[in-house]
Structure formats: C-alpha cells, structure tokens
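For reference, the structure is listed below as structure tokens.
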Amino acid sequence: MESRRLPVILERGGSLLAYILPLVEAIYFFGARIFLYPNDTNLKIFFLKYLQGVVLFYQSNMYLCFGLTITIFMICTNNSIPIIGTKLPLTRFIRMNVVQAVLVQVFITCIGQVFLISPNFIKNSVLGTFIANGCFFAIVGLVFYSAFLIALGRYPRIPIITESARLQTWAGENR
C-alpha cells in the first residue's frame, strides 16, 4: 500500500501558516492599545506602517475570515471537504496543529470581546494597558512556542486546547 504522506516541508509549513490566524486576532484586538497609546513614536510608526493594513483588512472582511476559519476547521477535523466529502491526504500532524491554531484563535476572540466590552475606566487605565500587553505578548509567545515545536516536528502542548484539538481530530477519524 502506497503512503500518501505530504512532504515534511509542506506538512510543517502548513501547520505554521495556521498560526497566522491567532496573530491577526491578537493584532486586531490588542495592537492599537499597545502600539498607539504609548508616547513612543517608533511604535506608532511601526503599527501604522506595517500592522494597520492587517487590522483594516481583517475589519473590512471579518465575515470572510470567519467563514475561512470555519471551513479550515471542518476540513481538518473531518479530513475531507465539507460538502463534497472528498478525502484529503492531510496527515494527523497538520490536522492537529491547524485545529489547535483555530481553537487558539477562538480563545483569543473570546478574550478580545471581553476586553472590548469592559468599561472605559478599566480599558483606558494602567490596568487596561497591563491586560492588553499581557494578552498580546502571551499570544505572541504562544505562537513562537508553537512555531518552534512544529519546526522540530513535535506537537505544541497548550493545556486545554491541545486536548480539545486531539478530541476533534480523533472524532473526525472515527466517523
């Protein structure tokens, strides 16, 4: 029987690309608070030059990005195209990491929404800056941690999310 495995570069590269979604969410929810509020002009220029385009694209195409995320999640959990049902040659490694990245994105969205609806006296205080910085840099650290382990060919272990991703991919294999 012939193995339909993807080459290692595609397998790890696809897994790494999935972690762009959580980074975009983090930049959307916390980027302006971190880069525009301090009195550092270099941070402001960096945000306006490089990251504002990402935020504006995500803001104007939010439902398209949401649909893309749901489609990617369905493809990776079921290992097939949702409506057609055609099986794909995705390995468990890429499926697990992509599902994990999507679940991290959902978690970030929840945290970002709670931050947005919090009262202004919390958001615009030192506490709000501390929360935004903590969330943003924790997400960036999580993405770098995951990217490092994926480059080594190992699964990143994120406490609740890894087990959820494992259950989702296992349920998709047993259908």
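To convert, count from 1 in the sequence shown and add 2; that's the working numbering.
Glycine included, C-beta positions come from ideal geometry on N, C-alpha and C.
A quick note: this is a predicted structure, and the numbers were derived from the prediction, not measured.
If you draw a straight line from the alpha carbon of Gln-135 to that of Asn-80, how long is it in whole angstroms?
According to the sequence displayed, residue 135 carries Asn and not Gln. In a straight line, the C-alpha of Asn-135 is about 36 Å away from that of Asn-80.
Rounded straight-line distance, which links the Cα of Ile-29 to that of Gln-170:
27 Å
Can Val-100 and Ile-163 be called in contact, C-beta distance under 8 Å?
no
Among Asn-122, Thr-43, Arg-94, Ile-110, which one has its Cα closest to the Cα of Gly-155?
Arg-94
Note down, in chain order, each residue of its chain lying with its Cβ closer than 6 Å to the Cβ of Ile-22, except the 5 sequence neighbours on either side.
none
Reference Gly-96, options Gly-69, Ser-17, Ile-11, Pro-9, closest by Cα
The identity of residue 96 in the sequence shown is Ile, whereas the question assumes Gly. Closest option to Ile-96, Cα to Cα, is Ser-17.
Below 7 Å CB to CB, which residues in the same chain sit around Val-56 once its five sequence neighbours on both sides are set aside?
Val-26, Ile-29
Cys-78 classed as buried or exposed, judged by whether at least 16 other C-beta atoms fall within 10 angstroms:
buried
Okay, do the segment 128-145 and the segment 43-50 touch, 3+ Cβ pairs below 8 Å being the bar?
no
Do you know how far the Cα of Gly-114 is from the Cα of Cys-67?
16 Å
Rounded separation between Glu-4 and Tyr-52 - CA only
Interpretation of Glu-4 is limited by its pLDDT of 43, a score under 50 that renders its predicted location unreliable; no figure is taken from the coordinates.
Are Cys-137 and Phe-32 closer than 8 Å when you measure CB to CB?
yes
DSSP three-state label for Ser-127, please.
coil
Among Tyr-39, Met-98, Tyr-60, which residue has its Cα nearest to the Cα of Gly-1?
Only positions 3 to 177 of the chain appear in the structure, and residue 1 is not among them; the question remains open.
Alpha-carbon spacing of Ile-86 relative to Leu-58, whole angstroms:
33 Å
Rounded to whole angstroms, what is the Cα-Cα separation between Ile-11 and Pro-158?
18 Å
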